[in-house]
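All residue numbers for the sequence shown refer to UniProt numbering, where the first residue is 1 and numbers rise by one. C-beta atoms are modelled at their ideal positions from N, C-alpha and C, and glycine is treated no differently. This one's a predicted model, so the numbers in the text were calculated from it and none came from an experiment. What follows is a single structure, written as structure tokens, with notes after it.
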Amino acid sequence: MYLKKYSIIKPILGQKLKLTQSIFIKNFSAKPGLYNDKYNAVEIEDKILDQWKNQSVNNNDNVSYNQKFDINMISPPPNVTGKLHLGHSLTFSIQDAIARHYKLSGKSVNWIPGTDHAGIGTQSVVEKYLWSTKKITRHELSKEEFLKEIWNWRTHYGNEIINQIKRMGTSLNWNHEFFTLDEIRSKAVQNSFIELFKRGLIYRKQRMVHWCCALETAISDIEVDTQAIPKRTLVSVPNSDEQIEFGVLHHIKFPLKVPTSELEHLSVATTRPETMLGDVALAVHPKDERYKNLIGSEVIHPLTGISIPIVADEVLVDPEWGTGVVKITPAHSMVDHECAVRNNLPIVPVFSTKGKVLESFPIEEYRNMDRFQLRKLTVENVISKGYYIEGKDHEMVLNRCSRSDDILEPMLIPQWYISTKKLGEKSVELVKSKEVDLIPDEYEREWNHWFQNSQDWCISRQLVWGHPIPAYYLDIKDESLTQLNIYKEIDEWWVGSSIDEIVPQVQSQLNKDGVSINISELIDQGKLSIKQDTDVLDTWFSSALLPLSANGWTGPSEKLPINYPTNILETGSDILSFWVSRMTMLCTELSNGIAPFSSVLLHPMIRDARGKKMSKSLGNVIDPMHVIYGASIDQLKSPILSSQLNETEKQRSVKLLNQQFPKGIPACGSDALRFCLLNYTQQTRKINLSLDSVVSASQFNNKLWNIYHFMLNRLKSFEASYPTHFNNRSSNLNGDMSLLNRYILSKFATSLQQIFKGYDQYQLHYVTGNIKQFLEDHVADVYFEFSKPLLYSTEQEPSKDLIDTCIILEKIFETSLLVLHPIMPLFSETIWTKLRELNSNLPTSLQLAQYPNFDELLQLQDLKSEKEFQTVLDILSGVRLLKHNHKIQKSDEIELNIYLYKNQYEYIKNYENDIKRLCKMNNWNIIFKDDIGFTESSLNPEKELILPVDNDRVHITISKESIKTNQPKDLKRISILNTKLGKAQLKLEQLKTKMASEKYQRAPEKAKIKDREYEIELQTQINQLELELQSLD
């Protein structure tokens, strides 16, 4: 019960132990010249990168695709649309850590880099660039001129991307670098298309697609952005000076051709009045009592005056929604098209591929009119004719092209498709059987859902930039060749690698069909030609072949590559459906059932600190080079101001940049960025990245610099003072060691176990967390501080304890650099060169090193020694906290008692002077609980401040009377602040422990985001409390 009486002190136990304020740093200048006094990440990293470039340690000398590797990985190729962003940095940080870990484990690793031509994305940005800089469109250039502009763009940004990747300190095999439009990959694409067509998996058909009128191409689902419209809203659209109204449900009368006694017209509600010219029917639910007697009758179209039928459709029509009557426009609505097929209705297209009314449209008034001008005119005409009822606010969602921002138009256009049913079933089975292991496995549900609901894959795009489709058709120039018209009518195509290959196919088809024509003669006479499809393939088609093609494979006629399948694919979870699934389908099919990879590691998407998706228009997209080298606010604004964003978006972006980074971004270096990003991977769905965390990682790097500096100086000092012992030192630790040395070796063994567990399970945040905790908390804050008197000893002969300590320091030095290298390669390489001054037998570079056999170290785990030394630390922590909170000075005469058991004192007595030194205490009283028959009543809470430590096995007390003269004037406020601080620190520690647990990885994403926000809130609260406490000191 007495615990409640000293609750003012109790919360302080939540404070993290910091033995000194960097006391050991004061001695770093003892041997000048070993390091710069200040850690300069940019300078150091650039120097190492230059060394690697000159030594070519990153490259494989063998450029042949016939070399077998233990580990084969493909880097997801960045799009050449522009520079890399932080999402790419995360990808390369994770992959490089994995690759370097495998190399250190003695594996040969082939990590293949490349870039993606990104068809629609690159063509779109080049079109915007040409307009913003030269005020020309692609239609004003020839195809060759436009392609030259795109290739120039690709060269510029392709080189930028490669330089950015290299600056991250990556260990890719640049001799195997690919570009998805290069010769090898192009051959693979062409030959794969032909083979899949032969197998009946590729076909051509007219279907409804998402059509971008601004780019005049079909787009994939991944390129569709959605915009929520809550009510009547004016929206900006490309190529229009005025905004267009959306979010209105227009109610319009369709007069019955034969009115009944109850009804003269049907009321139809639509958000798209511009499509009314394509209406071919009205649909009602067959069980709707209001209309079922009208099924089969007709209404008069309010604009065209033609009669259209009333049909029944229980699939499309919801009698509870709107008026229960739906207009059917099958040429410009996916669901209406399905209804038209079910009811055998005609299809009347209204718009051209440019989004204008067709020139052939029967009503001249509407021809060549833009679809949104038509919307306005349609409403005006319906009003003038007396058919308009009302327009109501209506919540809706707009589908927009992510590349052009255009409002997408559903269009019926012939396209090439891959039949995915069989391929998808096989892909689901591969994951179910763990032949392909999705990590984390929570993505299996998403994988299965996508395949269960996916449709055949539209692989054709109406673009200039991309892989040409190897399909050909007959272009009949002589009208007398009427016997060939059937092939045009049925949309007949022939697939092959060239026209020379197609001619025999066509001739064979004609002979089979009984058409007596010599194709070659007609071509020579100019009466007929064979032309290639002008469309190109979807970018994802070439990307889907990369596990094969990146390894030098050019098509199904070849043997499978020696490095197929790959071992692990690491990529963002956002492209699981669009890339991973398609690689699994195509590569498995083309390799006769062999899955392209055994494991797929998925990382979360990066968002800003507020959880917002990173977008150029929001001004929160950060160039990794700005984090590495630092950037002023003007430098951050520059790419926004020179971008293809409109002026409104530019102003909004600049405003947000000013709010988020008023002083710019400090230079942090790539290793700090990598460390921070990898530490964030505990968030499995979304990473809410604050740049403050990168700055904190940079500060940690600076502390690591000092830690290694200290170790190096002490080892150098040992070498200079005791050269014989140094040169004859053994790596083995024999005989009895001190409790401190047993403690640190046990902590080291435990940390190594956790670090390798993190690497082996691809849980890289385990690695970063354990490295940081061991080096910062255990080595710097404990081992260094307790070892200082020994390390600075001037004895003529070194003691065994000193020799053991120096051997341990060297072990920690070398081993920690090895496990740190995959995370921070440039930093660790710099320190490694200094370590080689002590041991020239070490490899010249960490990139050439391997992990030693850690069995000896791992066997040094000693939980008993850890527990015993933890008692020492608990006493030290308790005394320091009492001193700090009550302003006790070393010279003060304070009555401080420590109650403990004799068996505890046996392992504490050797460190009693160290505790006093670190606490700056002259004396205290040790009272053995055994001697006094200790019970709770042995303490007097009325006269003593009581602090229990070591799970209440040790009690530290101070006489209240003896500290009265040392109380600060504002003691009450300080006590309150310390109480709040202790509680906040304890909560933060508990939260971090929870977030670092394996079980936490399966927690819902919403809970993780909430915890992350709470973590930031607690850290902010702690910072504020500490600042106020400092002001009261």
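Query	Result
Spatial distance of Thr993 from Cys919 (CA atoms)	28 Å
Cβ separation of Ile823 and Val767, assumed to be a contact under 8 Å, to the nearest whole Å	6 Å
Any C-beta of chain B under 9 Å from that of Leu882	The structure shown contains no chain B, having only a single protein chain.
Beta carbon of Leu277 nearer than 9 Å to that of Val325	no
Continuous alpha helix (DSSP H) stretch holding Val42: start and end	Ala41 to Gln55
Own chain residues within Cβ distance below 6 Å of Phe193, not counting five before or after	Pro470
Alpha-carbon spacing of Val317 relative to Lys392, whole angstroms	20 Å
Bounding residues of the beta strand (DSSP E) (the contiguous stretch that carries Lys253)	Val248 to Pro255
Enclosing beta strand (DSSP E) for Ile161 [first to last residue]	Per DSSP, Ile161 belongs to no beta strand (DSSP E); it is in the alpha helix (DSSP H), Lys143 to Arg167.
Residue nearest to Glu866 in terms of C-alpha spacing, selected from Ala849, Ile908, Arg836 and Leu234	Ile908
Pair within 9 Å by beta-carbon distance, Asp406 and Val237	yes
Three-state secondary structure assigned by DSSP to Pro77	coil
Per-residue burial, Thr844 [other beta carbons within 10 Å of its own, 16 or more giving buried]	exposed
Thr329, buried or exposed, once every other Cβ within 10 Å from all chains shown has been counted against 16	buried
Residue of Ile98, His251, Asp1011 and Tyr203 minimising C-alpha distance to Asp491	Tyr203
Residue of Ser480, Leu474, Asn853 and His251 minimising C-alpha distance to Val506	Leu474
Residues sharing a beta bridge with Ala269, DSSP	His251
Gly496, buried or exposed, once every other Cβ within 10 Å from all chains shown has been counted against 16	buried
Residues of its chain near Ile499, where Cβ-Cβ distance is below 8 Å and the 5 sequence neighbours each way are ignored	Tyr472, Ile530 and Gln532
Neighbourhood of Trp153 by C-beta, 8 Å cutoff - its chain only, sequence neighbours within 5 removed	Val80, Thr122, Val125, Val126 and Tyr129
Rounded C-alpha distance that separates Tyr188 from Ala118	In the sequence as presented, Tyr is not what sits at residue 188; that position holds Ala. Spanning the two alpha carbons is a distance of roughly 17 Å.
Rounded separation between Ile308 and Pro414 - CA only	27 Å
Neighbour-count burial assignment, Gln682, 16 or more Cβ in a 10 Å radius	buried
Ala749 versus Ala849: straight-line alpha-carbon distance, rounded	20 Å
Distance between Val431 and residue 1034 (C-alpha atoms, nearest Å)	For residue 1034 there is no data in the structure shown, the boundaries of the chain being 1 and 1033.
Ile1016 in three-state terms, based on DSSP	helix
Under the three-state DSSP convention, the category Cys676 falls into	helix
Endpoints, the alpha helix (DSSP H) within which Gly87 is located	Leu86 to Leu104
Buried or exposed by the 16-neighbour rule on C-beta atoms within 10 Å, applied to Thr830	buried
N-terminal and C-terminal residue of the alpha helix (DSSP H) that Phe718 is part of	Leu691 to Ser721
Residue range of the unbroken alpha helix (DSSP H) whose run includes Tyr783	Segment: none, Tyr783 is in no alpha helix (DSSP H) and carries neither H nor E.
Start-end ranges of the alpha helix (DSSP H) lying completely within the stretch 497–573, minimum 4 residues	499–513, 519–524, 539–543 and 546–549
Range of the contiguous beta strand (DSSP E) that encloses Gly391	Tyr388 to Asp393
Backbone secondary structure at His955 - three-state DSSP	strand
Contact set for Gln455: own chain, Cβ-Cβ below 8 Å, skip 5 residues either direction	Thr420
Unbroken beta strand (DSSP E) run spanning Met605, endpoints	Met605 to Asp608
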